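Taken in order, these protein sequences are the chains called A and B. Position one of the first sequence corresponds to residue 1 (UniProt numbering), numbered consecutively onward. Position one of the second sequence corresponds to residue 1 (UniProt numbering), numbered consecutively onward. C-beta atoms are modelled at their ideal positions from N, C-alpha and C, and glycine is treated no differently. Since the model is a prediction, treat every value here as computed from it, not as a measurement. A short worksheet on the structure shown next.
Number of protein chains: 2
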Amino acid sequence: MSVLGFLGPCGTHSEEAAIYTNALFGNKWVLKAYRNIYDVLVAVHKGQIDCCLVPVENSIEGSVRITLDTLAHDVDLKVNMELVWKVHNQLMAKGKVKKITKLISHPQALAQCRGYINKNYPEAELIEVSSTAHAAELVASGMENAAAIASRRSAEIYKLTLLDKDIQDNCDNVTRFIFLSKREEYIGRQDPEKVMLICQMDGSKAGSLCAVLAEFAKYNINMTHIESRPNRRGLGNYMFFFEVEASPASKEHLECAIAAVKNKCFWLKDMGWFTVVKADK
Amino acid sequence: MSVLGFLGPCGTHSEEAAIYTNALFGNKWVLKAYRNIYDVLVAVHKGQIDCCLVPVENSIEGSVRITLDTLAHDVDLKVNMELVWKVHNQLMAKGKVKKITKLISHPQALAQCRGYINKNYPEAELIEVSSTAHAAELVASGMENAAAIASRRSAEIYKLTLLDKDIQDNCDNVTRFIFLSKREEYIGRQDPEKVMLICQMDGSKAGSLCAVLAEFAKYNINMTHIESRPNRRGLGNYMFFFEVEASPASKEHLECAIAAVKNKCFWLKDMGWFTVVKADK
Chain A
1 MSVLGFLGPC GTHSEEAAIY TNALFGNKWV LKAYRNIYDV LVAVHKGQID CCLVPVENSI
61 EGSVRITLDT LAHDVDLKVN MELVWKVHNQ LMAKGKVKKI TKLISHPQAL AQCRGYINKN
121 YPEAELIEVS STAHAAELVA SGMENAAAIA SRRSAEIYKL TLLDKDIQDN CDNVTRFIFL
181 SKREEYIGRQ DPEKVMLICQ MDGSKAGSLC AVLAEFAKYN INMTHIESRP NRRGLGNYMF
241 FFEVEASPAS KEHLECAIAA VKNKCFWLKD MGWFTVVKAD K
Chain B
1 MSVLGFLGPC GTHSEEAAIY TNALFGNKWV LKAYRNIYDV LVAVHKGQID CCLVPVENSI
61 EGSVRITLDT LAHDVDLKVN MELVWKVHNQ LMAKGKVKKI TKLISHPQAL AQCRGYINKN
121 YPEAELIEVS STAHAAELVA SGMENAAAIA SRRSAEIYKL TLLDKDIQDN CDNVTRFIFL
181 SKREEYIGRQ DPEKVMLICQ MDGSKAGSLC AVLAEFAKYN INMTHIESRP NRRGLGNYMF
241 FFEVEASPAS KEHLECAIAA VKNKCFWLKD MGWFTVVKAD K
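Structure (structure tokens):
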């Protein structure tokens, strides 16, 4: 049976999204948890598993850097689908807690709840751990005066009491996951809706980014996301991640735009045309 | 006496940089450690302290998001100077350790040493804590089979043994700090070299970012950094951080460019003209 990798351990938002995705395709995969995003992407790249679902951006905290960096530097994979996933962060503790002095969670979840924490627990020590599920596990193991910020599924798994729900700063807290494999295809819907590109241009020339964006504008291609990342070759050297809208009608224009952009770059990595699925839950 | 705030606790790279900056100006400030970057920026904004030095970007890991987000949303401050600071990450433990199974550090330091860790300690559990100094403190307190990634100053303070030095993935591991106050001025050098701008344009229109960059290109202004951040109003809504080169000769052109860019944005926050100082250490 084919295997779909995700960021473990069980109880994370990533597991919830992987279970949802698997159900969407008739439970055709066995799910396998990995300890970090780098490992799951490399496992697909090496052919140890078939595909994976990893977070790429959150609407409050921004891009998931380890995903972007690994896609650029370490693996050769294609995006087949994007899953838009509403995140609900819950505050939970073991039984009744008199005074909460420690808040434990993944750094992104802590960041997503920054306003709530500053208002309600300004004095609490913030403890960053590798996943929201691990935070719940630590609290369940008996850490004193501690509460975890994690998913509802974590509260169930670790038998914790919900103290407050939906504590994220913005009701519109959404994480975009991407489904990746070695195959150049799109899945789940009729037509591709987006393309992801990674490239690097000559940053020493004034206007080089502008020249690239002008190509997209010229072909009337709308950009939905741009992100700059250090290319690890010294301060001031960046690579860029673009996501642009695609449709059957714009296919030809988009291909021309990508070719023109490639011409203006040192290198360009086409991450593939993919579909967008919004989770209804 | 005036007070300069920094990201504590003592022993962090931030403290090292704050001590250096203070010496640069004849030790005119008393240094005060804060528990996080949000708190130190808000303390300057509220007039509780005079100025602060906070990290804004690392050459490997990228922008420090809490700094950018707080500057955009929560405070009204001006950048007076940038300090370019070489980062040296050291691996340290308490006495002799037979087998290291836990590596503890701040998430950014762990990310800066990702390649080294994957090569030398692929099985180690990575434990993220709030600062490199706190990691050293935890290891000093007797955590078993654990090593910390922290500064040389932390090793001294917590009496730890250096196991390996300069373990960051890239020799060119540099952090940019910015010195902020409520005053619109530049310090430390004769002339300002950069300007930082934060703005938001209409992201629903194809080419709106391109139109803004075209203004800088038109006036021959070189951009040294661009960063997009979610504006916390839902997926797909971004604000942009620009840093552009400035000089006495380009002053007039740059003012025209900023005015033109402002015209094309919903809002624009001018973070000020500032100097760039490279630490010689």
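Starting from M223 (chain A), follow its DSSP beta bridges and name the residues at the other end.
-> A:V244
In whole angstroms, what is the alpha-carbon distance linking R183 (chain A) and E215 (chain B)?
-> 41 Å
Taking the C-alpha atoms as reference points, what is the distance between V39 (chain A) and R152 (chain A)?
-> According to the sequence provided, residue 39 (chain A) is Asp. The question's Val does not apply to it. Their backbone Cα atoms lie some 26 Å apart in a straight line.
Between E245 (chain B) and C256 (chain B), what straight-line distance do the alpha-carbon atoms span, to the nearest angstrom?
-> 14 Å
Contact with chain A by V174 (chain B), beta-carbon distance below 7 Å = yes
Output the residue ranges of the alpha helix (DSSP H) runs that lie fully inside the stretch 30–102 of chain A and measure 4 residues or longer, sorted by chain position.
-> 37–45 and 65–73
N-terminal and C-terminal residue of the alpha helix (DSSP H) that R152 (chain B) is part of = R152 to I157
Give the DSSP-derived three-state secondary structure of E193 (chain A) in the structure shown.
-> coil
Compile a chain-ordered list of the residues in the stretch 159–171 of chain B whose CB is closer than 8 Å to at least one CB of chain A.
-> D169 and N170
Specify the secondary structure class of L160 (chain A) as computed by DSSP and reduced to three states.
-> coil
Name the chain B residues whose beta carbon is nearer than 8 Å to that of L209 (chain A)?
-> L213, M223 and I226
With DSSP as the reference, please indicate the residues paired to F274 (chain B) in a beta bridge.
-> B:K194
Would you report the Cα separation of V3 (chain B) and V54 (chain B), rounded to the nearest angstrom?
-> 14 Å
Helix, strand or coil: which one does DSSP assign to S208 (chain A)?
-> helix
Does the stretch 73–88 of chain B come within contact of the stretch 137–148 of chain B, defined as at least 3 CB pairs closer than 8 Å?
-> no
When you compare each of B:V56, B:L83 and B:L7 to L71 (chain B) by their alpha carbons, which one comes out closest?
-> B:V56
Closest residue to V177 (chain B) among B:I221, B:T21, B:K98 and B:E123 (Cα-Cα distance) | According to the sequence as given, residue 177 (chain B) is Phe; it is not Val. Of B:I221, B:T21, B:K98 and B:E123, the residue nearest in Cα terms is B:T21.
Output the residue ranges of the alpha helix (DSSP H) runs that lie fully inside the stretch 116–146 of chain B and measure 4 residues or longer, sorted by chain position.
-> 132–140
Report the residue from B:P107, B:K78, B:I167 and B:E156 whose alpha carbon sits nearest the alpha carbon of Y121 (chain B).
-> B:I167
Where DSSP assigns a beta bridge to G5 (chain A), which residues make up the other side?
-> A:K32 and A:C52
Report buried or exposed for P248 (chain A), applying the criterion of at least 16 other Cβ atoms within 10 angstroms of its Cβ.
-> exposed
Step through the CB atoms of chain A and report whether any lies within less than 7 Å of the CB of L235 (chain B).
-> yes
Local Cβ density within 10 Å of E243 (chain A), reported as buried at 16 or more and exposed below that = buried
CB of I60 (chain A) within 7 Å of CB of P107 (chain B), strictly | no
Beta carbon of Y186 (chain A) nearer than 7 Å to that of F274 (chain A) | yes
How about D272 (chain B): is its C-beta nearer than 7 Å to some C-beta of chain A?
-> For the sequence presented, residue 272 (chain B) should be read as Gly rather than Asp. Judged by the 7 Å Cβ criterion, G272 (chain B) is not in contact with chain A.
Segment contact flag, the stretch 23–43 of chain A with the stretch 22–36 of chain B, C-beta cutoff 8 Å, min 3 pairs | no
By how many angstroms is the C-alpha of S105 (chain B) removed from the C-alpha of G11 (chain B)?
-> 13 Å
Distance CB(Y235 (chain A))-CB(V174 (chain B)) smaller than 7 Å = Correcting the residue type first, residue 235 (chain A) is Leu in the shown sequence and not Tyr. The answer is yes: Cβ separation under 7 Å.
7 Å Cβ cutoff, P122 (chain B) in contact with chain A | no
Alpha carbon to alpha carbon, how far is H225 (chain B) from K78 (chain B)? Give it in angstroms, no decimals.
-> 18 Å
Listed from N- to C-terminal order along the chain, which residues in the stretch 58–74 of chain B have their beta-carbon within a distance smaller than 9 Å of any beta-carbon of chain A?
-> N58, S59, I60, E61, G62, S63, R65, I66 and D69
In angstroms with no decimal places, state the Cα-to-Cα distance between L163 (chain A) and K281 (chain B).
-> 50 Å
Is the beta carbon of L213 (chain B) less than 7 Å from the beta carbon of C199 (chain A)?
-> no
Measuring only between beta-carbons, confirm whether P107 (chain A) sits less than 7 Å from chain B.
-> yes
Name, going along the chain, the residues of the stretch 243–265 of chain B whose beta-carbon falls closer than 9 Å to a beta-carbon of chain A.
-> E245
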